[in-house]
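For the sequence shown, counting from 1, position 109 maps to 109 in UniProt numbering; every step adds exactly one.
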Amino acid sequence: MAAVTEATAKRFFSSPLFAVVGASSNPAKFGHKVHAWYLNHDLPVTPINPASQFVEVNGEQHPTKPDVKALPQPKDTSVSIITHPGITINVLKEAKSVGIPAVWLQPGTFDDEVLKFALEDGAFEAVVYGEGGRGSEGWCVLVDGEKAMKDAGKL
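What follows is the structure in structure tokens.
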């Protein structure tokens, strides 16, 4: 399997738009923390949550999309995924079908099947996942995102 490098994370942040699959209004959930991270860094981010029309962050409601197929500009959108591996595989299949260029698989969102699909030739330009980064859990946007943003000229 391909090793993730800082160049991979930089490519992820070179997109003009972002989305968070698994965005949540619950501050205890990582889907909430990751969505809030994008908002706090003034990045254009769309929350994706099929069970809710809005998610709330810092007292503000943000309209959701039900899935990546509903994104208005998928080819310009990098997607952070915070879902169980059984859901992640379907998200990746949808993302590939609409031309999402890059995905960031947060710790706990992937298994061997997910990685096999995500890393097959031509699926995505960049896949950030697994061991590495600055934290003990592996590549995580909450820990590694600012450096990657800086590398991509967005910070």
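We put the CB at the ideal spot given by N, CA and C, even for glycine.
Asked, Found
"Between residue 124 and residue 93, how many whole angstroms is the CB-CB distance? I'm expecting something under 8 Å.", "Actually they do not touch by this definition, with Cβ atoms about 12 Å apart."
"Can you list the alpha helix (DSSP H) stretches of 4 or more residues lying completely in the segment 75-129, in chain order?", "85-98, 112-119"
"In angstroms, rounded to a whole number, what distance separates the CA positions of residue 119 and residue 55?", "30 Å"
"For residue 19, which residues does DSSP report across the bridge?", "46, 79"
"Under 8 Å by Cβ, that's how I've got residue 149 and residue 18 pegged, so tell me the actual separation to the nearest angstrom.", "About 11 Å separates the two Cβ atoms, so there is no contact after all."
"Run through DSSP, which three-state label would residue 41 get?", "coil"
"Can you round the beta-carbon distance between residue 82 and residue 143 to whole angstroms, since I take them to be within the 8 Å contact cut?", "About 14 Å; that fails the 8 Å criterion."
"Should residue 45 and residue 20 be called a contact, given that it needs their Cβ atoms to be closer than 8 Å?", "yes"
"Beta carbon of residue 132: closer than 7 Å to some heavy atom of the ligand ZN?", "With respect to small molecules bound, the structure shown includes none, and the ligand ZN cannot be examined in it."
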